[in-house]
Each structure stands twice: as C-alpha cells, then as structure tokens.
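S.K.: This is the structure I have questions about; it appears just below.
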Amino acid sequence: GNSVTQMEGPVTLSEEAFLTINCTYTATGYPSLFWYVQYPGEGLQLLLKATKADDKGSNKGFEATYRKETTSFHLEKGSVQVSDSAVYFCALRSSANAGGTSYGKLTFGQGTILTVHP
Amino acid sequence: GAGVSQSPSNKVTEKGKDVELRCDPISGHTALYWYRQSLGQGLEFLIYFQGNSAPDKSGLPSDRFSAERTGGSVSTLTIQRTQQEDSAVYLCASTPGRGSYEQYFGPGTRLTVT
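From first to last, the protein sequence lines stand for chains A and B.
This note's numbering applies: residue -15 is where the first sequence begins, and numbers increase by one.
This note's numbering applies: residue 516 is where the second sequence begins, and numbers increase by one.
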C-alpha cells in the first residue's frame, strides 16, 4: 500500500536558518505529492504540490522537488521566520477508482513540528 | 467565500456515549473526505463521499463508526458507544471534483472521550 515517511521532529531553528524536512514515499503508479501546513489553532492548509516527476512546487519561500528516482519530496526553505512555526505534513495522492469515480484520498506522513526562535 | 466548517469545535463525552460530528463543505464541492488525526497514528483517511454516496469507507476503524451525507452537502460522522481510543481530531475536507482534486480542510473537531 501507499505510505509516506517524514523525518522525525521536532525541529528547532533560529530565525534565518536553512530548513530541510525530509519526506520519502512508497506508492504504486504516479502519485501527486503535497506539503500541508498546520499553524497553531488552525486547520490544514495546502503549502505546495507537484504532480509529476521533476516538478518543483513552491510557495511562501518553500520549495520541494518531486524526485521519482529517490521517491522523495523534501521540503526546503532558505531562511525561516518565526511565523513559519507550525506542523508540516507530507502527503501523497494516488489515483483510485471506487464506484466508477476516479478520486484521490491523501496518505499523510506523521508530521514534523517546526519551531523557529527569534 | 466561506471555507469548510465543522462543528462542534470541541466535544468532551463519556465513554459509551454516542457523538455526532458535522461538516459543512464549500458550496458546490462534490467530493468530501473525513480524516482522523490522533497521537501515534498521525492523519488517517476514514471515508470518501461523492455526492451522497460513499464509494470508499475503507478507513472506518470499526462498525461503531458511520457517516452520511445529505443533499450533496452536509455530512455527519457518528461514533456509537465511544471508547477512549476514539479521542482524536476529526478533520473534514472537500474538493470541487470534476478533475480538480485539491482538498480544502476544515478546522477539525477535537473529540475527547473520558
């Protein structure tokens, strides 16, 4: 079955430090890959996505590249801010069919807590 | 426009009681998903609705869990005879469908079973 593995947290950084959160996956076919972010007290928000190999998703200074050869989708940011403190989830969506309808349920990693200090 | 809303935001219940959790998806979104976020288990898929039908219920953990959707809109997740292991945050997401699969999440319902 599908699975997503994220680097264990929590991760604590100083402001302006470089961030990497590793994510690897196992899936059949050609999944789409996502990073979601959950800020304190808020719901999950889509941060970025990539739908095919070698695609790079980017948003708010964060980037991740879909690497099929290493089955990875590592999240990076060159200079983190205190406001980036949140929980980050890597996820994949693989095409599925049920009831004659194509749809995509998400499989999530376990989440990585990021804390950025001033 | 309005996002996905869920109610209640918090629910504390005694073991053995039944609870109902509600999700109001974004207007016009045809697909709706329920997930559960718990310590030790992470985020798990529970059930998927397309319109009012549920083609995939594979994530429901036991027959104490059921869900329905009416009018292609509001969905209710019901947990009967709650157990302490049901304590979690229950998340709802909706998508426009019709080739657009980005999932928009609600704020969740935090369920605590005492």
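Glycine included, C-beta positions come from ideal geometry on N, C-alpha and C.
From a predicted model like this one, the values you see are computed outputs, not experimental measurements.
(1) With a threshold of 6 angstroms on Cβ separation, who are the neighbours of Thr8 (chain A) within its own chain once the five nearest residues in sequence on each side are excluded?
(2) So that I know if they touch, is there some Cβ in chain B lying closer than 9 angstroms to that of Leu28 (chain A)?
(3) Tell me the residue span of the beta strand (DSSP E) that contains Val4 (chain A).
(4) Give me, in chain order, the residues of the same chain whose beta-carbon lies closer than 6 angstroms to that of Ser16 (chain A); leave out the 5 immediate sequence neighbours on both sides.
(5) Got a sec: is the Cβ-Cβ distance from Gln94 (chain A) to anything in chain B below 9 angstroms?
(6) For the stretch 558 to 569 of chain B, which residues have a CB atom closer than 7 angstroms to at least one CB atom of chain A, in sequence order?
(7) According to DSSP, simplified to helix, strand and coil, what is Ser67 (chain A)?
(8) Report yes or no: is there a C-beta of chain B within less than 9 angstroms of the C-beta of Gly62 (chain A)?
(9) How about Gly621 (chain B) and His544 (chain B): are their beta carbons less than 9 angstroms apart?
(10) For the candidate residues B:Thr593, B:Arg596, B:Asn567 and B:Leu606, whose alpha-carbon lies nearest to that of Trp549 (chain B)?
(11) Could you work out which residues of chain A lie near Ser622 (chain B), taking near to mean beta carbons separated by less than 8 angstroms?
(12) When you compare only the Cα positions, how much space is there between Gly531 (chain B) and Ser577 (chain B)?
(13) For Asp68 (chain A), does the count of other Cβ atoms within 10 angstroms reach 16, so buried, or fall short, so exposed?
(14) Check whether the stretch 559 to 571 of chain B and the stretch -9 to 10 of chain A are in contact - that is, three or more C-beta pairs closer than 8 angstroms.
(15) Return the residue from the list A:Val21, A:Gln94 and A:Ala1 that minimises the CA-CA distance to Ala70 (chain A).
(16) Compute the distance between the beta-carbons of Asp601 (chain B) and Arg579 (chain B), then report whether it is under 9 angstroms.
(17) I'd like to know whether the C-beta of Tyr616 (chain B) is nearer than 9 angstroms to at least one C-beta of chain A.
(18) Please name the residue or residues paired with Val604 (chain B) in a DSSP beta bridge.
(19) Figure out for me which residue from B:Val628, B:Ala603, B:Ala608 and B:Glu617 has the closest Cα to the Cα of Val519 (chain B).
(20) Taking all protein chains shown into account, decide if Gly27 (chain A) is buried (16 or more other Cβ within 10 angstroms of its Cβ) or exposed.
(21) Would you call the CB atoms of Ser588 (chain B) and Ser522 (chain B) closer than 9 angstroms?
M.R.: According to the data block:
(1) As a first step, residue 8 (chain A) must be located in the first sequence, where it is residue number 24. Contacts found: Thr(-11), Thr55 and Ser56.
(2) Numbered from 1 along the first sequence, position 44 holds the residue referred to as residue 28 (chain A). It does; some Cβ of chain B falls within 9 angstroms.
(3) Here residue 4 (chain A) corresponds to residue number 20 of the first sequence, with the count starting at 1. The question names Val, but residue 4 (chain A) is Thr in the sequence shown. From DSSP, the beta strand (DSSP E) with Thr4 (chain A) extends over Leu3 to Ile5.
(4) As a working mapping, residue 16 (chain A) is identified with position 32 in the first sequence. Same-chain partners within the cutoff: Thr35 and Arg77.
(5) Taking the first residue of the first sequence as position 1, residue 94 (chain A) is located at position 110. Chain B, which has a Cβ nearer than 9 angstroms to the Cβ of Gln94 (chain A), makes this yes.
(6) Leu558, Phe560, Tyr563, Gln565 and Ser568
(7) Taking the first residue of the first sequence as 1, we reach residue 67 (chain A) at position 83. Three-state result, Ser67 (chain A): helix.
(8) For the purposes of this step, residue 62 (chain A) is taken as residue 78 along the first sequence, with counting starting at 1. Closer than 9 angstroms: no.
(9) Stepping through the second sequence from its first residue, residue 621 (chain B) is reached at position 106. Stepping through the second sequence from its first residue, residue 544 (chain B) is reached at position 29. Not closer than 9 angstroms, so no.
(10) Residue 549 (chain B) sits at position 34 when you count from the first residue of the second sequence. The shortest C-alpha separation from Trp549 (chain B) is found at B:Leu606.
(11) Locating residue 622 (chain B) in the second sequence gives position 107, where the first residue counts as 1. Residue 622 (chain B) is actually Pro in this sequence, not Ser. What Pro622 (chain B) touches in chain A: Glu26 and Gly27.
(12) Residue numbering aside, residue 531 (chain B) sits at position 16 when the second sequence is read from its first letter. Residue numbering aside, residue 577 (chain B) sits at position 62 when the second sequence is read from its first letter. Distance between the alpha carbons of Gly531 (chain B) and Ser577 (chain B): 14 angstroms.
(13) Position 84 of the first sequence, counted from the first residue, corresponds to residue 68 (chain A). So Asp68 (chain A) counts as buried.
(14) no
(15) The residue given as residue 70 (chain A) occupies position 86 in the first sequence. Nearest C-alpha to Ala70 (chain A): A:Val21.
(16) Position 86 of the second sequence, counted from the start, is the residue given in the question as residue 601 (chain B). Position 64 of the second sequence, counted from the start, is the residue given in the question as residue 579 (chain B). Contact flag set, yes.
(17) Locating residue 616 (chain B) in the second sequence gives position 101, where the first residue counts as 1. It does: the Cβ of Tyr616 (chain B) has a partner Cβ on chain A nearer than 9 angstroms.
(18) As a first step, residue 604 (chain B) is located in the second sequence; it is residue number 89 there, counting from the start. Note: Val604 (chain B) sits in a beta bridge opposite B:Gln552 and B:Arg625.
(19) As a working note, residue 519 (chain B) is residue 4 in the second sequence. Nearest of B:Val628, B:Ala603, B:Ala608 and B:Glu617 to Val519 (chain B), Cα basis: B:Ala608.
(20) The residue you call residue 27 (chain A) lines up with position 43 of the first sequence. Buried is the call here.
(21) For this step, residue 588 (chain B) is matched to residue 73 along the second sequence. For this step, residue 522 (chain B) is matched to residue 7 along the second sequence. Cβ distance not < 9 angstroms, so Ser588 (chain B) and Ser522 (chain B) don't count as in contact.
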